[in-house]
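The opening position of the sequence shown corresponds to residue -17 in the numbering used here, with each subsequent residue numbered one higher. Heads up, the beta-carbon is just placed ideally off N, CA and C, and yes, glycines get one too. Reviewing the structure listed below.
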Amino acid sequence: MKKQIYWSDAEARRQGVGFGLATGGTGTGERRRGIETTLTPVAMREGIVHELSVCQALLAQVAKIAAAHGATSVARVTVEVGPLSGIEPVLLANAFAAASTGSYAAGAALSIETSVVMISCLACGVESQARPNRLLCAACGGYRTRVVGGDELRLRRVELQVQKSPLVQTA
């Protein structure tokens, strides 16, 4: 019998485990692992080359989580994509289907949640929501702003399938 367990970013924070994906490279102290992938002309033509490399990094984190919990497979992966992350959600979904083949996440569903752009005004200090192509302060109209949200790609949740151990009886 299989049991489902859940891994989330809140659990990762409690355990002190990194869970975010940087779209521009690897985090501090991490080494990028070379994963061989054959890109078909269709993949290159559709522009999923960038999203494919992001999926490879995502699946490497999912595999670590699955192995740490003794999972047999992954049922669902949930990610949060900001409008300024440089990731196209549709292309990410297509790349995930290709990249997950032969991994813990083979056949897993990918759920993509979108976030909004949040800015902080350097003039008045107000934090507000903004459109991706118009990063102006909602309070004073100032253009000197700093992006504080909406540029991330975050692994939010992983649903794992774990095989239950049979009960051992002693005589």
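- In chain order, what residues of the same chain have a beta carbon less than 6 Å from the beta carbon of ALA112, not counting five sequence neighbours either side? If we look at ALA112 and ignore the five residues flanking it on each side, its Cβ neighbours are VAL99, ILE101.
- Item | GLN38 versus PRO65 - alpha carbon distance | 21 Å
- Item | ALA91 versus ALA57 - alpha carbon distance | 6 Å
- Spell out the partners DSSP gives VAL44 in its beta bridges. Answer by DSSP bridge pairing: none, since VAL44 is not bridged.
- Query: For ALA57, which three-state DSSP category applies?
  - Reply: strand
- Are there 16 or more other CB atoms within 10 angstroms of the CB of VAL72, so buried, or fewer, so exposed? Counting every other CB atom within 10 Å of its CB across the protein chains shown gives VAL72 a total below 16, marking it as exposed.
- In the DSSP assignment, what residue or residues form a beta bridge with VAL129? ILE101
- Between VAL130, ALA53, LEU137, which lies nearest to ILE94 when the distance is taken from Cα to Cα? A check of alpha carbon separations from ILE94 across VAL130, ALA53, LEU137 identifies LEU137 as the nearest.
- Item | Cβ shell of SER55 (< 8 Å), same chain only, five flanking positions each side left out | ALA48, TYR86, ALA87, ALA88, GLY89, ALA90, LEU142, GLN143
- Query: Would LEU34 pass as a contact of ALA80 if the rule is Cβ separation under 8 Å?
  - Reply: yes
- With VAL36 and VAL140 assumed to form a contact (beta carbons below 8 Å), what rounded beta-carbon distance in angstroms separates them? 16 Å between Cβ atoms; not a contact.
- Near VAL44, which residues of its chain fall below 7 Å by C-beta distance, leaving aside the five closest residues on each side in sequence? Closer than 7 Å at Cβ, skipping near neighbours: VAL56, VAL59, TYR86, ALA87, VAL140.
- Query: Quick one: Cα of HIS32 to Cα of GLY123, how far?
  - Reply: 35 Å
- Give the DSSP-derived three-state secondary structure of ARG134 in the structure shown. Note on identity: in this sequence residue 134 is Glu, with Arg being the wrong assignment. In the structure shown, GLU134 sits in coil (DSSP, three-state: anything other than H, G, I, E or B).
- Round the Cβ separation of ALA105 and ARG126 to the nearest angstrom and send it over; I've been treating them as touching at under 8 Å. 6 Å
- The beta strand (DSSP E) spanning LEU92 covers which residue range? 91 to 96
- Task: Can you give me the start and stop residues for the beta strand (DSSP E) that ALA120 sits inside?
- Result: First-last for ALA120: undefined, no H or E at that position.
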